[in-house]
Amino acid sequence: MSPVDPTARAAIHSGDNDVLGSALMQLDGYVADFIVLQVGFKVHMTNLVRLFIGSRARRLHGYDYLRHVRGSLAFGHRQLREFLHDHGFTPEDLDWHSSRAVREIGARYGVDHLRACGHCHQLKIPVLRPRGRPREYCSSPCRQAAYRRRQSDPAAVAAARDDPNRAMVPCFAGIERSIPIKHRFELIELERTGAIQMEQVALEEGDSANPPIEALLARRWSSTSPLIRAARAGLAYLLQCGADLDRVFLHGQDTREQMTPHSVGFNCRYLRAMRRVFAEFGGVEWLEIPRPSRNGRLVGLRIQALDRDQLTAFTPRPS
41 MSPVDPTARA
51 AIHSGDNDVL
61 GSALMQLDGY
71 VADFIVLQVG
81 FKVHMTNLVR
91 LFIGSRARRL
101 HGYDYLRHVR
111 GSLAFGHRQL
121 REFLHDHGFT
131 PEDLDWHSSR
141 AVREIGARYG
151 VDHLRACGHC
161 HQLKIPVLRP
171 RGRPREYCSS
181 PCRQAAYRRR
191 QSDPAAVAAA
201 RDDPNRAMVP
211 CFAGIERSIP
221 IKHRFELIEL
231 ERTGAIQMEQ
241 VALEEGDSAN
251 PPIEALLARR
261 WSSTSPLIRA
271 ARAGLAYLLQ
281 CGADLDRVFL
291 HGQDTREQMT
301 PHSVGFNCRY
311 LRAMRRVFAE
321 FGGVEWLEIP
331 RPSRNGRLVG
341 LRIQALDRDQ
351 LTAFTPRPS
């Protein structure tokens, strides 16, 4: 980019006075678009990387796309600052949303409409978010201020733990970060339709008191693995409930028999198989341990099947 480019200087002094738009025109390819999305519309870096990958004809396995996009944006920001500096501006001096070029880029990517922040209530949050829960706050300070406000109000804390629109119900309290939001929304919807019921249970370290089962655990995991500890705790819980440990779907494998009324899973890796296990393999109960650990507290999410017709008919929401 040359700061003495006559076309750029002419645009700077044209009637529309879109200084920022003129500066963006000097950047290469997608860089201007991504700078606008990042600075003007606060689109997260994760989404920018997804957009970049989606624009490529072929995805390169193992390529560090995050580093590529970050490097391109850093170079673009330097170019933008140099161009504006040569004309007596900084990016902070300009109103990004008054720029016609910025609005056009926003419209092209579907972020020209903004939602209000849940704390400051200013229209700052872009609609664009390909997957996951929509952003509620425009910045980290707003998110932290809202958290402090909730913590000072016991009623607000209770409400935050029981808000299906935010993929939160009381049985997820304390383990919600270990359960992908897609699974939380699906579980809440399944419970709403009467297909399942859920509760959180505290698990104690135990022993299956079953030599063949202990041998199976020893073959699958090392003695120091957090998964073998979680497996023993989960199986001990099922044993207390009267389950037959030979008929358990244990983290992706049957302990012995194919028909498995009871299941135990870790880290939500096989949770997507729950409906099929319930519908086709006689499943009645699934115990998910979303956060196994070597010595910490073990918490399980107990899911019981209530209506197999609803389980079979259920259609997950698109990602």
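Residue numbers are given in the working numbering: position 176 of the sequence shown equals residue 216, and the series is strictly consecutive.
Just so you know, even glycine gets a beta-carbon here, dropped at the ideal spot from N, CA and C.
Here the structure is a predicted model, which means the values were calculated and not measured.
Residue Ala273 holds the alpha-carbon nearest to the alpha-carbon of leucine 257 among Leu346, His159, Ala273 and Gln344.
With distances taken between CA atoms, arginine 334 lies nearest to Ala271 out of Ala271, Arg348 and Ala141. Less than 8 Å divides the Cβ of leucine 134 from the Cβ of valine 59. For leucine 341, the enclosing beta strand (DSSP E) begins and ends at 338-345.
Assignment of aspartate 135 by DSSP, reduced to helix, strand and coil, places it in the coil class. In the structure shown, leucine 67 falls within a coil segment according to DSSP collapsed to helix, strand and coil. In the three-state reduction of the DSSP assignment, alanine 273 falls in the helix class. The segment 83-136 is shown to contain whole alpha helix (DSSP H) runs of 4 or more residues at 85-95 and 105-125, in chain order.
With 16 or more other Cβ atoms from the protein chains shown falling within 10 Å of its own Cβ, tyrosine 277 counts as buried.
In the three-state scheme derived from DSSP, where H, G and I count as helix and E and B as strand, serine 262 is classed as coil. Between histidine 223 and leucine 311 a beta carbon distance of about 5 Å is seen, short of the 8 Å cut, so the two are scored as contacting.
DSSP lists Val339 as the bridge partner or partners of alanine 242. Around the Cβ of aspartate 349, a 10 Å sphere holds fewer than 16 other Cβ atoms; the residue is exposed.
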